[in-house]
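Protein chains in written order, with this note's numbering: chain R, 351 to 552; chain U, 351 to 552; chain V, 351 to 552; chain L, 351 to 552.
Note that beta-carbon positions come from the ideal geometry of N, C-alpha and C, so glycine has one too.
These numbers come from a predicted model, not from an experiment.
Data block below; observations after.
Protein chains: 4
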Amino acid sequence: MAGVDRRALILKAATQSFAQFGYKATTMDLVAKIANVGKGTIYTFFKTKEDLFDEIVRKALHELKSVLDLGLHEGDPFFDNLFRVLGALLEFRSDHELFIKLQQEVRDIGTAKALDGTHRLEGLVLEYLQRHIESGVAKGEIKPCDPEIVAYAMLKMYVALTTDWNKIHANPLTKAQIQDHLMLFFADGLRSSGEISKPSTS
Amino acid sequence: MAGVDRRALILKAATQSFAQFGYKATTMDLVAKIANVGKGTIYTFFKTKEDLFDEIVRKALHELKSVLDLGLHEGDPFFDNLFRVLGALLEFRSDHELFIKLQQEVRDIGTAKALDGTHRLEGLVLEYLQRHIESGVAKGEIKPCDPEIVAYAMLKMYVALTTDWNKIHANPLTKAQIQDHLMLFFADGLRSSGEISKPSTS
Amino acid sequence: MAGVDRRALILKAATQSFAQFGYKATTMDLVAKIANVGKGTIYTFFKTKEDLFDEIVRKALHELKSVLDLGLHEGDPFFDNLFRVLGALLEFRSDHELFIKLQQEVRDIGTAKALDGTHRLEGLVLEYLQRHIESGVAKGEIKPCDPEIVAYAMLKMYVALTTDWNKIHANPLTKAQIQDHLMLFFADGLRSSGEISKPSTS
Amino acid sequence: MAGVDRRALILKAATQSFAQFGYKATTMDLVAKIANVGKGTIYTFFKTKEDLFDEIVRKALHELKSVLDLGLHEGDPFFDNLFRVLGALLEFRSDHELFIKLQQEVRDIGTAKALDGTHRLEGLVLEYLQRHIESGVAKGEIKPCDPEIVAYAMLKMYVALTTDWNKIHANPLTKAQIQDHLMLFFADGLRSSGEISKPSTS
DNA sequence: GATGAATGAGGGTTCATTCAT
DNA sequence: TATGAATGAACCCTCATTCAT
């Protein structure tokens with residue numbers, strides 16, 4: 351028991367529990383048990399349950415920002431950049447899968463502060479995506495569209511395939527499956543060539 | 351007060367509260383107050399809080415099934431059917447918006463049973479979509495793809511644009527905006543014509 | 351169990367426990383056990399522990415006021431009035447001994463609000479006494495003196511003989527003993543007649 | 351840091367905190383911080399918090415005994431002795447104000463042992479006073495009276511004027527004010543000369 | 001049948017005490 | 001020996017559920 355970093359142990363346990371059971375259903379007793387630590391120990395590092403939660407969100411925010419900053423290369427083609435960043439997010443996910451899950455697990459907390467945390471997480475990615483899409487439209491790489499809506503759709507689709515999917519399926523999608531489908535929806539569309547491009551008016 | 355259907359009153363109140371505050375934050379006291387009945391009365395109709403919740407999911411499931419059955423016309427083109435059904439879901443949503451919200455409000459329940467309820471709701475739609483996609487692929491209307499993944503993506507995208515979006519934006523998207531973007535992603539893709547179809551190998 | 355007034359039961363139990371053990375050492379579990387009531391029941395009547403405490407102070411304040419109002423007869427001699435009121439307070443004590451004890455049991459509560467409550471209790475009596483002493487001085491019934499200090503001394507002496515004494519002695523003082531000694535200190539003094547009235551300068 | 355007496359440091363810090371915040375509100379963390387030692391260090395000198403408290407009471411008891419022994423001069427007049435001792439207590443108080451405050455701060459401790467400590471402190475002074483009063487009665491300097499009750503009244507009055515008063519007033523009473531009032535109550539009484547000495551029978 | 005007062009298990013938090021360093 | 005991180009019992013409070021009316 352000598353070299354264990356109890357703070358990290360607790361953060362990991364809490365992250366796992368928040369992701370798996372949500373905020374309310376995560377009890378400090380449970381976190382303590384998962385971390386194999388006394389309940390009181392948690393309070394040596396975090397003032398309240400909310401504090402513990404905030405810290406997790408903050409850490410995720412920070413790592414996310416790094417990933418995004420590293421992934422966007424100004425001069426590269428739109429889809430190159432998109433998939434490089436999404437790929438990086440995927441790595442981020444495999445390291446810290448639970449952080450991403452948090453995004454959806456947080457809802458009924460009530461405190462504006464905690465909710466803000468989650469929204470900031472989402473907001474950060476949306477901002478990056480939106481800027482990237484605007485730039486893609488400006489360069490003529492993608493069709494004119496509402497960048498805010500498309501950014502939102504991209505994020506949600508990404509989360510759906512990387513995280514939500516695992517809630518109802520035992521086997522996660524492979525990195526290739528995820529990239530192929532994102533490409534399918536956001537680059538090419540499903541429609542077979544040769545089809546008419548508008549549904550007949552009903 | 352003679353002829354009021356107390357059971358319906360309670361179901362309506364609980365639905366509203368579950369949708370607005372989530373499962374945990376909905377107290378039986380609150381449901382009783384909204385329904386304007388005694389707290390004990392709830393227990394004459396529903397054995398537990400979970401029972402009450404299950405009943406709401408079950409009812410939603412039933413109505414959903416009707417919507418789907420009515421919307422799918424075997425002979426019509428793929429995208430005709432898709433948008434007719436999604437449009438119908440939109441109507442279903444405006445009538446029972448709260449039911450759909452439930453899908454995300456249920457997360458931290460913990461009890462496998464309650465989660466099952468939500469998954470059944472989701473599963474029903476997925477099943478319909480998957481069958482529809484398989485049929486579309488078979489008829490050559492859409493590209494060959496994994497119907498399960500695509501169905502899942504469609505549902506999530508639909509929920510994202512109709513429901514999730516409203517959590518961070520004051521104004522909901524219009525029905526037209528929703529349909530246009532679904533079409534954009536699932537029919538045509540974002541890429542401008544004239545572009546190369548694969549990202550450069552990294 | 352039919353006709354019991356649970357609110358009164360709880361108030362009585364809490365009063366007893368606050369008086370005996372003090373604010374902090376009184377646990378809601380203890381109050382519940384003394385009152386023979388479920389812990390949750392307390393919270394049906396009182397929002398918090400502090401609320402419960404406040405209610406007790408408030409009730410004491412009210413009864414105290416009645417006693418004082420009834421005991422002071424404007425025209426009567428000073429010591430008649432003094433002993434009538436003190437006698438009445440003694441009755442008040444035998445009915446509600448615990449309320450008076452509260453005055454000293456409240457100290458380390460911390461919340462300004464709760465402390466106010468106790469100070470109000472003390473302040474009410476002090477106010478009455480001070481007015482009465484001023485009137486006694488004005489009529490020449492007692493020597494000129496600082497009414498505020500004398501009022502404070504009277505109250506503390508009264509509480510010392512009626513309440514504090516019992517903390518270290520098994521048998522309370524009799525009503526006669528209390529009155530005799532109050533008379534001794536506040537009317538006549540201890541000094542034997544024939545003595546010189548000032549201590550020799552040291 | 352070599353030559354500091356850690357035990358004394360801790361005793362001083364604890365005394366200050368007990369006096370200022372009371373027994374319950376004094377945490378071992380706080381004592382450690384005030385004493386500028388590690389929390390564990392306290393436990394090398396004192397087995398428990400109660401032990402620490404007891405030691406403080408014992409020390410106060412000892413100093414008190416010295417004060418009393420020095421103040422009583424067998425041959426002097428009663429009131430000379432009384433005021434010399436009370437005066438000395440006042441000095442004792444200005445040196446160790448906190449010890450005296452302790453007397454009232456200890457109330458909600460609950461443990462019979464700790465309460466005993468306080469009672470011993472009180473008992474010591476009472477014993478001295480009682481002996482002195484008995485002697486005064488024997489010499490005819492003061493009226494026959496119950497020495498135990500009078501001693502108790504004197505102590506309480508003394509504490510009331512020196513300590514309790516400060517809790518509700520910004521300015522402490524001066525030494526002269528305290529002595530004058532003690533004389534007023536215990537020597538001469540409040541009643542104007544020329545008054546009848548018994549209240550009219552009610 | 002309808003009610004809501006009563007309940008107690010379980011939640012977050014504090015703090016006296018221990019013990020590995 | 002001195003330390004303070006770690007601990008868990010015990011605190012106050014919430015709320016799903018029961019049951020006498």
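Residues bridged to residue i (per DSSP)
i                 : result
ARG541 of chain L : V:ILE492
Neighbour list for residue i in chain L, Cβ cutoff strictly below 8 Å
i                 : result
ALA503 of chain V : MET507, ALA510, LEU511, HIS531, PHE535
Local Cβ density within 10 Å of residue i, reported as buried at 16 or more and exposed below that
i                 : result
LEU361 of chain L : buried
ILE518 of chain U : exposed
ASN386 of chain R : exposed
ALA364 of chain L : buried
HIS423 of chain L : exposed
LEU553 of chain R : What is shown of chain R runs 351 to 552, which leaves residue 553 of chain R out entirely.
SER408 of chain U : In the sequence on display, residue 408 of chain U carries Arg and not Ser. ARG408 of chain U should be labelled exposed.
ASP355 of chain L : exposed
ASP379 of chain L : exposed
ALA501 of chain U : buried
HIS531 of chain V : buried
PHE410 of chain R : For the sequence presented, residue 410 of chain R should be read as Ala rather than Phe. When all chains shown are included, ALA410 of chain R counts as buried.
ASN431 of chain R : buried
ALA537 of chain L : buried
ARG481 of chain V : exposed
GLY372 of chain V : buried
PRO494 of chain L : exposed
SER416 of chain R : exposed
GLY473 of chain L : exposed
LYS399 of chain L : buried
GLY490 of chain U : exposed
is_contact[residue i, chain L] using C-beta, thresh 7 Å
i                 : result
ARG356 of chain V : no
ASP401 of chain V : no
ALA363 of chain V : no
Neighbouring residues, chain R, relative to residue i (Cβ below 9 Å)
i                 : result
ILE406 of chain U : Correct list: empty, because the minimum Cβ distance to chain R is about 17 Å.
ASP419 of chain U : Residues of chain R passing the Cβ test: none, with the nearest at roughly 18 Å.
Proximity test, Cβ basis, 7 Å: residue i and chain V
i                 : result
ARG541 of chain L : yes
ILE499 of chain L : yes
LYS463 of chain L : With a pLDDT of 42 at LYS463 of chain L, under the threshold of 50, the modelled position of this residue cannot be trusted; read the value that follows with caution. No, no contact with chain V.
GLN370 of chain L : no
Under 9 Å from the C-beta of residue i: neighbouring residues of chain L
i                 : result
GLN527 of chain V : ASP496, ILE499
7 Å Cβ cut-off: residues of chain R touching residue i
i                 : result
ASP379 of chain U : Here the premise fails: no neighbours, minimum Cβ distance about 17 Å.
Interface partners of residue i on chain U, CB under 9 Å
i                 : result
LEU523 of chain R : ILE499
Integer Cβ distance of residue i from residue j, believed to fall under 8 Å
i                 : j                 : result
GLY486 of chain V : PHE403 of chain V : Going by Cβ atoms, the distance from GLY486 of chain V to PHE403 of chain V rounds to 35 Å, so no, they are not a contact pair.
ALA382 of chain L : LYS374 of chain L : Contact doesn't hold; Cβ gap of about 17 Å is too wide.
ALA507 of chain R : MET507 of chain U : Per the sequence presented here, residue 507 of chain R reads as Met, with Ala not at that position. With 8 Å as the limit, MET507 of chain R and MET507 of chain U qualify as a contact, their Cβ atoms being about 6 Å apart.
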